[in-house]
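Since the structure comes first, as structure tokens, the remarks are kept for the end.
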DNA sequence: GTATTTTGTTTGTACATACAAAACAATAAC
DNA sequence: GTTATTGTTTTGTATGTACAAACAAAATAC
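Residue numbers (our numbering), protein chains in the order written: chain A, 15 to 168; chain B, 15 to 168.
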């Protein structure tokens with residue numbers, strides 16, 4: 015039976031955890047933790063977590079955008095978005111305007127004032143990971159992840 | 015000034031959120047949410063979340079492994095691992111044996127009995143994402159994520 | 001051989017995130 | 001016009017995850 019591991023001196027895939035490294039669920043989440051660390055650093059100057067930063071950018075560029083649209087663009091659930099907007103409203107960076115059954119989100123003056131800073135933090139983040147990965151790998155990986163997300167979300 | 019967008023009819027990258035799709039932080043987390051959904055489904059039959067399933071597999075293959083080693087193999091922080099082991103101990107799938115300042119983790123009989131089921135859930139997960147992505151994309155992506163993680167963790 | 005530093009684990013706290021159910025508003029059916 | 005249906009948001013609850021601080025044991029320095 016050639017499938018049986020019979021050499022006790024070399025560790026099996028189970029022992030050394032090799033099986034983890036060929037599992038996309040595992041590698042994706044590992045990478046997610048790593049890049050989130052980097053992103054948190056890059057966005058520290060804004061006083062916002064990266065996810066909030068991108069949300070504010072979307073609101074600045076689309077004043078009056080609905081929560082539904084925001085959750086679609088960000089690929090997060092509506093309930094998560096509600097909490098995000100709650101927090102940003104608390105920081106007076108955006109404000110809600112109820113319009114029937116939908117909610118329109120507008121940037122405040124204070125929110126709009128962050129536009130440049132947010133842009134810079136994003137550039138800083140990109141520079142940081144490109145410095146470590148190289149532009150080629152970073153771009154290829156980003157594009158592949160985009161395609162894979164589309165396919166998995168079906 | 016050719017950089018100024020002067021055509022109001024076509025939306026800018028800021029408006030449509032294109033800038034998100036070229037940011038690795040964003041695409042990684044989007045993919046993470048998508049594949050986590052898939053993994054939760056595949057592991058439903060085990061009664062465990064995928065992360066716990068992999069942890070139990072490591073413990074079964076390495077009885078007496080320390081928490082430190084586990085957290086290194088899984089790339090999660092020690093504090094997170096403590097909570098994971100707490101929960102698995104509660105379910106009587108693993109048990110701790112304190113050895114000085116380190117903690118050795120052993121599978122219980124009940125834990126060992128899950129070996130096959132866990133293996134099958136992992137295979138089911140892989141089959142699920144390969145069905146949607148194709149084996150080529152899945153493998154290429156997994157390998158790239160692995161390399162990128164290594165580079166970012168420096 | 002005590003004092004200091006290092007290492008491994010746990011606890012407190014906080015946050016992103018999801019799902020399910022509820023609340024609410026608008027529209028359609030009759 | 002009331003009732004049923006549909007669409008959007010919010011709330012309750014749960015989970016994974018981290019960081020910082022606390023703690024305990026071991027190792028090292030003197």
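Yeah, the Cβ is synthetic: ideal placement off N, Cα and C, and Gly gets one too.
The structure presented is a predicted model; accordingly, all values stated were derived computationally and were not measured.
Closer than 7 angstroms at the beta carbon, the chain A residues around residue i
i, result
"residue 93 of chain B", "Going along chain A, no residue has its Cβ under 7 angstroms from residue 93 of chain B, so there is no contact; the nearest lies around 13 angstroms."
"residue 38 of chain B", "49, 143, 152, 155, 156"
Those residues which DSSP pairs with residue i across a bridge
i, result
"residue 108 of chain A", "A:121"
"residue 113 of chain B", "B:116"
"residue 79 of chain B", "B:119"
Neighbour list for residue i in chain B, Cβ cutoff strictly below 7 angstroms
i, result
"residue 66 of chain A", "Those do not exist, as residue 66 of chain A stays about 13 angstroms from chain B at its closest Cβ, beyond 7 angstroms."
"residue 46 of chain A", "42, 43, 46"
Best match in the options for proximity to residue i [C-alpha to C-alpha]
i, options, result
"residue 123 of chain A", "A:70, A:149, A:24, A:52", "A:70"
"residue 72 of chain B", "B:146, B:114, B:101, B:119", "B:119"
"residue 41 of chain B", "A:40, A:37, A:50, A:36", "A:50"
"residue 34 of chain A", "B:136, B:82, B:129, B:125", "B:136"
"residue 56 of chain A", "A:93, A:140, A:89", "A:140"
Endpoints, the alpha helix (DSSP H) within which residue i is located
i, result
"residue 62 of chain B", "Premise fails: residue 62 of chain B is in no alpha helix (DSSP H) and is neither H nor E."
"residue 24 of chain A", "Residue 24 of chain A -> no alpha helix (DSSP H), and no H or E assigned at all."
"residue 156 of chain B", "149-166"
"residue 32 of chain B", "32-35"
Where residue i sits in the DSSP three-state scheme
i, result
"residue 91 of chain B", "coil"
"residue 38 of chain A", "helix"
"residue 8 of chain B", "Residue 8 of chain B lies beyond the stretch modelled for chain B, which goes from 15 to 168, so this question has no answer here."
"residue 15 of chain B", "Residue placement at residue 15 of chain B is poorly supported in this model, since its pLDDT is 48, which falls under 50; the coordinates still yield a value, given next. Correct three-state label for residue 15 of chain B: coil."
"residue 169 of chain A", "With chain A covering 15 to 168 only, the question about residue 169 of chain A has no answer from this structure."
"residue 127 of chain B", "coil"
Any non-hydrogen atom of the ligand HEM within 7 angstroms of residue i CB
i, result
"residue 74 of chain B", "Of the ligands one can find in the structure shown there are none, so the ligand HEM has no counterpart to examine."
Beta-carbon neighbours of residue i, restricted to chain B and to distances below 8 angstroms
i, result
"residue 110 of chain A", "Within chain B, no residue comes near residue 110 of chain A; the closest Cβ sits about 20 angstroms away, beyond 8 angstroms."
Residues that residue i contacts on chain A, provided the C-beta gap is smaller than 9 angstroms
i, result
"residue 138 of chain B", "What residue 138 of chain B touches in chain A: nothing, since even the nearest Cβ is about 11 angstroms away."
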